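Counting with mature numbering (1 follows the signal peptide of the UniProt record, and there is no 0), you get residues -24 to -1, 1 to 971 for the letters of the sequence shown.
The structure appears below as structure tokens.
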Amino acid sequence: MKKSILVFLSLIIFITCRSSYSYAEMKNPPKHFTGKGIKVAVIDTGIDSTHPDLKKNYLKGYDFVDNDTNPEDIVGHGTHVAGIIAANGRMKGVAPDASILAYRVSDQGGNTEMIIKAINQAIEDGAHIINLSMGTSLSGTDAPLNQAIQKAIAKNITVVTAAGNSGPEQWSLSNLTSTPEAISVGNAKQQGVNQSWFQISGTQHFIPFQAIKGGSKNLKPGEYSVVHFKNLTVEDIKKQDNLKNTIVIFDSVDHDQWTDSVQELQKRGVVVLLSSLERDDEVTTTKTPHLNNTDSPENNETSLPEGSIEKEEKQMFEKAAREQKVVTIAQDSELRIASNSSRGPAVGSWQIKPDIAAYGVDIESTVPRNMELNRSNIKAFTKKGYDIMSGTSMAAPRVAGAAALLKQAHPDWSPYEIRAALTSTATLIKEPNNNIVTPLAQGSGLVDIEKALEADILPLTNNLSFGFLQSNVGVQTITQNLKIKNVSNSSQTLVTDNQALEGNAEIKIPSSITIPSHQTIEIPVTLQVDTSLKISKHIGMLYLKQDEKQINIPYIVCVDPKDYPFLSMNGPFQVSNDKFPYLLEYYSPFSVEQLSIFITGQTDDNQPFSSVLMEKNTPSKGYQEFKWDGRDQNKKIVPNGTYELTITAKDSSQSYQISQHLTISGTDEKTVEAPKVNKVTDQDTKVTGTGEKGAIVKVTVDGKEIGTGKVDDQGNYMVDIPKQPGGKEIVVTLTDAAGNTSKPTKTTVEAKDVTAPDAPKVNKVTDQDTKVTGSGEKGATVKVVVDGKEIGTSKVDDQGNYMVDIPKQPGGKEIVVTLTDADGNTSQSTKTTVAAKDITAPDAPKVNKVTDQDTKITGTGEKGAIVKVTVDGKEIGTGTVDDQGNFTVDIPKQPVGKEVVVTLTDADGNVSKLAKTKLKIAPSKEGQKNINNDHQVIDTNLEDASNRNITKGNGSTMNSQYQGKLPKTGGNEGMMDTLLGLGAITMAFFVRRMK
């Protein structure tokens, strides 16, 4: 049985009947592109690899939850995502011939470490595309998860992420989908799918109706009043005179009366019951208690429609109730951005995200066939193994499938070119009032797969961020470059236009742009903004137009916005007291004067508890980790209980705070953590380490005590012992004041290493380098010194290699490198002199004659240079020029007349000019002679037809079996002699072939 862990999935499950579902109306991609040969990694809840629609496409996978090779999906989310990408059976995915790599990292919630492991595994398994339909509660772009995604993209893997379901608020993107290089996908409702909307009289705000799980999605259109209950009870409901044709909202509910209350509301003629959302993560839940209640009326087709609304929207309904305003319910079947699709900008990078939108509402796809849906209103499915879900989790795999088609069509395209093809052909989505939906929700617009496959103008810069500016610093001017690539065979001219969507910034860009064929250009775009204006975000859209084509390039500048989350945090909501340390990740885009982490709540015996866990002055900005050992800053154990874990950040002007739930559970017996023991050698007379403050330390050997001590107020201890021989086992325990004894920590005495490491090997360093590389003893510390001052340090890795970051050094400067092992032994130094970087390309290589029988190319060139041999633009062999300046490169035989191109690349990456040669006919073994292009005699084996005489223009004859060299082509007659001689030879070959 598979275990369950938590990772937040970008999913809301909406159950609806088939009649309101229109996936089948989606256009299929061109048949000649099916994703064949492309590997798509689905990092999710696993997969049903035996599903009839997926088993042909499933290639391999891994379960990082159970640590086995069977990533079985017990939730259905991962199987649903995989089906959208590559189902190939009853259902067809976007790329039905793509191969699926499935990695199980979760069931419902978050462990970023597993996601990172899965990304690395996808790289190792040769993935071309990675789909991540999940998120975290952390903001920013510099966490280890972002770095793992960036690593994959640097390996030429396109990474597609779900934007999340925390909209419609801005700044609601997680760090995973904020990664600048990834493709972030928002969720759109397809035209033809019905959606109920609320509009409060006197406002232009359209509030979408979000049904709770299995309830009806469509409401009866009309005009209704609003009734607000502070506490929803049967008694309070009966006090209301008239509830017919009303919309009911409430603050809290009596759980025991929930079912009776809903039935009473339905009996009184209420149209819909609304409650506010409570978001702890990317999964959307509500405060209503019936979500996990099997007796809930949600399973009753005639039950009262129930929906969830945002906190801000609930406040609008409350105001409408107070002011007795009319609320109109209308049906909308137009193309829309889903209301709960997360919005940008991305905190920290201040970029526009998502990059693009795709259909993610009411999407049918595969689920495990053994999964019980338990939803009575699904009647359209006659077969198990299929379900309808909604969310950015469903939108992202549609784009991942499109990326697979583009990768098949253009195997040499980078992730940036694939993203550019998708965004450059997207269609803008509009609001019900016909205004353009903010790019913070849709990026460049709705993906159009067919148009993307035809894209030939690629905006590698798919949106422009002009950064974060302080307010009241006058008019600021910022210039960013717009990078565009033309992959067509002709020059392309684009006309530019600008539309301000929010704010009042000026944009300067050339009125037209011409891009030569197969060239990439950078166009400066200048933004000017008055920071004294009371506008925090200036947003607009640049249009690059050509005939009917239009490329949408959104842009933004932030001017000291006050609405972004200054703090964000991510950590499990439960921890067992025997599973510490607990990892809490947190992020702040700017530094503060003080940061504190504290915990408040109730213990399991209902006692109030509050304590500070950590305080830090002038903490670093950006991503940070707090590895909590379960104790407060006074080293007292935090007891089991239910708490709020809170982070506060303060500076001179203001403070910020963020909290999350945390339950600590497990055994109630107090345990003393086992001590940490430092290395002990056969020369040591002390045992040192760390442990619980005030605990008594006991050291034993062979069951006999050889020393005792006490842990000091800093958590350190030092115990005197007699020297012990190498190989002897030492046992250390701690006992606290209450008599609780820790588990023993055992360590083996080591013979002290007194041998210094060999001097390190240091690779060449130039005046352009910012790293020193080389090799040395594994695990040793590398120290780099210039003029007696340390300029960098690092460690030798498990492969014996090291890389040390250094500032650039001038040519001629001496660099000194030493190694120090774990026992403090230091090697002799290795000295190297910084060289001025060679920027001179090698001379073109000299290539010896090559024939159609040769399997090697030989020649001469610059010593040590890398030799590369290509034919028709494809590499067929490589080699290295030896110390004598000669090279030999193995190649497959090539046909006569084929042009072979040879280049040299020196150690500094400089590439020589091309040396080209055409293959000639090799001498045969038959003994007859023919002539080659260089006037050399070559053997032939021609038939008699080749021996006929040919009459020249002057009346003389020339035998086709010409012995010797062709006459020089100094005049017309000489030229004719040459041509006639060669022609006769050619004719002879053809005669022989025909026989």
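Note that beta-carbon positions come from the ideal geometry of N, C-alpha and C, so glycine has one too.
Note that this is a predicted model, so its numbers are computed, not measured.
Asked                                                                                                                        : Found
Cβ-Cβ distance between residue 560 and residue 71 below 7 angstroms                                                          : no
Distance, residue 495 Cα to residue 55 Cα                                                                                    : 41 angstroms
Contact the region 95 to 110 vs the region 11 to 21: 3+ CB pairs below 8 angstroms                                           : yes
Simplified DSSP assignment, three categories, for residue 370                                                                : helix
Pair within 7 angstroms by beta-carbon distance, residue 173 and residue 338                                                 : no
Closest residue to residue 551 among 615, 670, 516 and 582 (Cα-Cα distance)                                                  : 615
The region 704 to 712 in contact with the region 734 to 751 per 3-pair CB rule at 8 angstroms                                : no
First and last residue of the uninterrupted beta strand (DSSP E) at residue 395                                              : Unbroken run through residue 395 is the alpha helix (DSSP H), 391 to 400; no beta strand (DSSP E).
Outcome for residue 333 when other beta-carbon atoms lying within 10 angstroms are tallied against a minimum of 16           : buried
Unbroken alpha helix (DSSP H) run spanning residue 126, endpoints                                                            : 120 to 130
Which of helix, strand or coil DSSP assigns to residue 976                                                                   : Outside the modelled stretch of the chain, which goes from -24 to 971, sits residue 976, for which no answer is possible.
Close beta carbons around residue 482, own chain, < 6 angstroms, minus the five adjacent residues each side                  : 504
For residue 310, three-class secondary structure by DSSP                                                                     : coil
Other residues of its chain near residue 246: CB distance less than 7 angstroms, five sequence neighbours each side excluded : 219, 222, 224 and 280
The alpha helix (DSSP H) enclosing residue 428, as first and last residue numbers                                            : 425 to 428
Residue 869 to residue 168 span [Cα, whole Å]                                                                                : 60 angstroms
Residue 500 - DSSP class collapsed to helix/strand/coil                                                                      : strand
Enclosing alpha helix (DSSP H) for residue 80 [first to last residue]                                                        : No alpha helix (DSSP H) contains residue 80, which is instead part of the beta strand (DSSP E) from 75 to 80.
Which residues DSSP lists as bridging residue 475, in chain order                                                            : 517
Residue 294 beta carbon less than 7 angstroms from that of residue 249                                                       : no
Rounded separation between residue 73 and residue 797 - CA only                                                              : 53 angstroms
Buried versus exposed, by CB contacts within 10 Å (16 or more), residue 925                                                  : With a pLDDT of 45 at residue 925, under the threshold of 50, the modelled position of this residue cannot be trusted; read the value that follows with caution. The residue in question, residue 925, is exposed, as its Cβ has fewer than 16 Cβ neighbours within 10 Å.
One or two residues paired with residue 721 in a DSSP bridge                                                                 : 708
Inter-residue Cα distance where the pair is residue 209 and residue 232                                                      : 9 angstroms
Any 3 or more C-beta pairs closer than 8 angstroms across the region 552 to 571 and the region 621 to 635                    : yes
CA-to-CA distance, residue 305 to residue 68, given in whole angstroms                                                       : 36 angstroms
Proximal residues to residue 963 (C-beta, below 6 angstroms), its chain only, five neighbours per side dropped               : Its pLDDT being 45, under 50, residue 963 is placed unreliably in this model, and the value from its coordinates should be taken loosely. Nothing meets the Cβ criterion.
Burial state of residue 529 (16 or more Cβ within 10 Å)                                                                      : buried
Backbone CA spacing between residue 562 and residue 540 [nearest angstrom]                                                   : 15 angstroms
Which of helix, strand or coil DSSP assigns to residue 233                                                                   : helix
Cα-Cα separation, residue 392 to residue 416                                                                                 : 20 angstroms
Check whether residue 456 and residue 445 have beta carbons under 7 angstroms apart                                          : no
Sub-7 angstroms separation of residue 821 and residue 891 beta-carbons                                                       : yes
Cβ shell of residue 36 (< 7 angstroms), same chain only, five flanking positions each side left out                          : 77 and 101
8 angstroms Cβ shell around residue 196 - same chain, five flanking residues per side excluded                               : 247 and 305
Cβ-based neighbour list, residue 256, same chain, cut-off 6 angstroms, excluding 5 preceding and 5 following                 : Because the pLDDT at residue 256 is just 34, under 50, the model does not fix this residue reliably, and the point stays unresolved.
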